[in-house]
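Chemist:
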Amino acid sequence: MSAVEKNAPEVMPHGTPKIRLRGVKKAFGKKVVLNGVDLDVAKGESVVVIGSSGSGKSVLLKCILGLVKPDAGTIEVDGIDAIKVRGRERDALLAKFGMLFQSAALFDSLRVWENVAFGLVEGRGMPRAQAKPIAVENLAKVGLGPDVAMLWPAELSGGMKKRVGLARAIATHPEILFFDEPTTGLDPIMSDVINDLIAARVRDLGATGISITHDMASARKIGDRVAMLHGGRIIWQGPVSQIDRSGNAHVEQFIHGRAEGPIKVEVTQ
Amino acid sequence: MDSVLGFLAAIGRTTLAFLAVAGRLSLFAAHGVAACLTPPLYGRLLLRQMVSIGYFSLPVVGLTALFTGMVLALQIFLGSARFNAESAVASIVVIGITRELGPVIAGLMVAGRVGAAIAAEIGTMRVTEQIDALTTLSTNPFRYLVAPRILAAAITLPFLVLIGDAIGVFGAFLVGTLKLGFTSQSYLSSTLDFMEIQDVVSGLVKAAVFGFIIALMGCYHGYHSRGGAQGVGAAATNAVVSASILLLSADYILTELFFVQS
Ligand SMILES: Nc1ncnc2c1ncn2[C@@H]1O[C@H](COP(=O)(O)OP(=O)(O)OP(=O)(O)O)[C@@H](O)[C@H]1O
Ligand SMILES: [Mg+2]
Numbered sequence: 242m243s244a245v246e247k248n249a250p251e252v253m254p255h256g257t258p259k260i261r262l263r264g265v266k267k268a269f270g271k272k273v274v275l276n277g278v279d280l281d282v283a284k285g286e287s288v289v290v291i292g293s294s295g296s297g298k299s300v301l302l303k304c305i306l307g308l309v310k311p312d313a314g315t316i317e318v319d320g321i322d323a324i325k326v327r328g329r330e331r332d333a334l335l336a337k338f339g340m341l342f343q344s345a346a347l348f349d350s351l352r353v354w355e356n357v358a359f360g361l362v363e364g365r366g367m368p369r370a371q372a373k374p375i376a377v378e379n380l381a382k383v384g385l386g387p388d389v390a391m392l393w394p395a396e397l398s399g400g401m402k403k404r405v406g407l408a409r410a411i412a413t414h415p416e417i418l419f420f421d422e423p424t425t426g427l428d429p430i431m432s433d434v435i436n437d438l439i440a441a442r443v444r445d446l447g448a449t450g451i452s453i454t455h456d457m458a459s460a461r462k463i464g465d466r467v468a469m470l471h472g473g474r475i476i477w478q479g480p481v482s483q484i485d486r487s488g489n490a491h492v493e494q495f496i497h498g499r500a501e502g503p504i505k506v507e508v509t510q
Numbered sequence: 294m295d296s297v298l299g300f301l302a303a304i305g306r307t308t309l310a311f312l313a314v315a316g317r318l319s320l321f322a323a324h325g326v327a328a329c330l331t332p333p334l335y336g337r338l339l340l341r342q343m344v345s346i347g348y349f350s351l352p353v354v355g356l357t358a359l360f361t362g363m364v365l366a367l368q369i370f371l372g373s374a375r376f377n378a379e380s381a382v383a384s385i386v387v388i389g390i391t392r393e394l395g396p397v398i399a400g401l402m403v404a405g406r407v408g409a410a411i412a413a414e415i416g417t418m419r420v421t422e423q424i425d426a427l428t429t430l431s432t433n434p435f436r437y438l439v440a441p442r443i444l445a446a447a448i449t450l451p452f453l454v455l456i457g458d459a460i461g462v463f464g465a466f467l468v469g470t471l472k473l474g475f476t477s478q479s480y481l482s483s484t485l486d487f488m489e490i491q492d493v494v495s496g497l498v499k500a501a502v503f504g505f506i507i508a509l510m511g512c513y514h515g516y517h518s519r520g521g522a523q524g525v526g527a528a529a530t531n532a533v534v535s536a537s538i539l540l541l542s543a544d545y546i547l548t549e550l551f552f553v554q555s
């Protein structure tokens, strides 16, 4: 545990954190997924969460969004209790977020451009005719041409779906952006384009971000800070520059992708 | 002793599980109704649902109503012949269709067609995280998904039943005149002379309630579906079965209410 203390977020640059988690726990039946997660994300900061498959990274994001109810602990966003908030206050809180789901989660009964424009049209009441060019513009940012706008989600490849999901997440210019594996399933060149886009969103527009990724190149490019989730807790966190000198055996094994080490993968041969 | 305790425990568990479901369903219904009654309402979605629930159910409801009316005329003719009351066929048929068979048969057909479709659609949205995505895009799933379906079903089912009533009576008229030897003049006049406006109205009220039940059960089971394709399949089945059972029990309760009044 000493690694955590040594690398605890040095100084919060802007006072109170934008997102603050304390002792967040979540179990599904007997299976404990989160077991006391503490995490602070400062305003304008980009945190990358890494961890083995099935360690609970996606569940962590869903807890913050209120899509999964934690069993214990507190989650504050801008000082507001994100677990207890209800009604209009909850709507206002959710309006701050943009989320790219791991599965993209596109609305399959709507066309691609309607998916991208959804937050503007349904969430903000913008007329459809006005939202359409904005949707096409956002699609262009993720490398998709205007011809894709009229397609249905079922007609897209996996990587295209992911990029549409990304365009949908950023279309409303949210203050807080969550990306669940944004570059999984993309070719290396497109991955780099997407990494640049995410980095630009967070750096230039001052958004606060949490990204989940297994891709260390992507983590280095988009993250200010890295946090590793293992065994239901954040076992290490620190600036992205220190990731090669973490001094934590779990992190070392993870970033070098070794089968041998403290993280056990059970397989029968 | 142990077996007695085990038996009691099983009863207790079942009762608790039943109460939990009843509570969850009531809460879901309350949320759904609240979303129907307060703005904003998604007019586009409501219209689309009215077309898919109402308009596209017309062939099914029309055909079943036609055959129901025809068979009813035959059976009642046989029955009433036993005490020489054949002349009452037309009046009994019209009461049977408007008060009871019209709404119930249309309700059951729509439960099978629409209840399953709603559960499958919303269930798929649930298991593919589309409902989570809706929420994060500042859109309340009860307003966006549940309210348009409940409203559309409760509004269109009375119209469907009204059309079904007319077709059913027409079917009975065909059998009566072509097969049972009534003149069309006498069949029509005895249909209309003894029909009361309340017969039709009570049937239409039932239809609205049935529509509400069907859409509610479809939404409820879809919204709470788990797992993948299998979970969605189970949700569709449960939606149809529970809607049919609730529909028939609501039918009795409503009939008793109308019966006491008249
Ligand atoms: N709705 C759910 N019901 C039951 N168990 C769940 C549910 N959602 C997640 N889990 C369990 O929680 C654990 C963590 O899941 P999660 O999706 O957060 O993993 P992850 O870290 O995102 O993995 P990956 O990198 O593969 O996406 C898994 O073991 C999964 O089985
Ligand atoms: Mg995940």
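Here the protein sequences come in this chain order: S and G. Heads up: the first sequence begins at 242 in my numbering, then just goes up one per residue. Heads up: the second sequence begins at 294 in my numbering, then just goes up one per residue. A virtual CB, placed ideally from N, CA and C, is assigned to each residue, including glycine.
(1) Who are the near neighbours of A372(S) in its chain, counting only those whose CB is closer than 7 Å to its CB and skipping five residues on each side?
(2) Going by DSSP in three states, M343(G) sits in which element: helix, strand or coil?
(3) So with Cβ pairs under 8 Å, would you call A358(S) a contact of chain B?
(4) Within 7 Å: the Cβ of S299(S) and any heavy atom of ligand 2?
(5) Given A345(S), which residues of its chain have a CB within under 6 Å of its CB, disregarding the five upstream and five downstream residues?
(6) Tell me whether the stretch 335-352 of chain S and the stretch 276-296 of chain S touch, counting them as touching only if at least three CB pairs, one residue from each stretch, are closer than 8 Å.
(7) Taking only beta-carbon positions, decide if L262(S) is within less than 8 Å of chain G.
(8) In the DSSP assignment, what are the bridge partners of W477(S)?
(9) Under a Cβ-count criterion, where at least 16 other Cβ atoms within 10 Å of its own Cβ denotes burial, should E330(S) be classed as buried or exposed?
(10) With a Cβ-Cβ cutoff of 8 Å, do D425(G) and F342(S) count as a contact?
(11) Compile a chain-ordered list of the residues in the stretch 425-445 of chain S whose CB is closer than 7 Å to at least one CB of chain G.
(12) According to the neighbour-count rule (16 or more other Cβ atoms, all chains shown, within 10 Å of its Cβ), is D437(S) buried or exposed?
(13) Is S384(G) a contact residue of ligand 1, with contact defined as CB to any heavy atom under 7 Å?
(14) Any idea which residues DSSP pairs V265(S) with across the strands?
(15) Output the distance between the C-alpha atoms of E246(S) and R419(G), rounded to the nearest integer angstrom.
(16) Under 8 Å, Cβ to Cβ, is there at least one residue of chain G near F338(S)?
(17) Under DSSP, the beta strand (DSSP E) around G339(S) begins and ends at which residues?
(18) Whose C-beta lies closer than 8 Å to the C-beta of H324(G) among residues of the same chain, with five residues either side of it excluded?
(19) Quickly, what does DSSP pair F420(S) with across the bridge? List them, please.
(20) Between the Cα of V403(G) and the Cα atoms of T361(G), L330(G) and Y348(G), which residue gives the shortest distance?
(21) When you compare only the Cα positions, how much space is there between V454(G) and F503(G)?
Modeler: According to the data block:
(1) A358, L361 and V362
(2) helix
(3) Structure shown: chain B not included; protein chains present are S and G.
(4) yes
(5) K402, K403 and G406
(6) no
(7) no
(8) M469(S)
(9) exposed
(10) yes
(11) none
(12) exposed
(13) no
(14) V278(S)
(15) Low local confidence applies: a pLDDT of 41 at E246(S) is under 50, so the model's placement there is unreliable, with the coordinate-based value given in what follows. Their backbone Cα atoms lie some 40 Å apart in a straight line.
(16) yes
(17) F338 to L341
(18) F435 and V439
(19) L341(S) and S452(S)
(20) Y348(G)
(21) 11 Å
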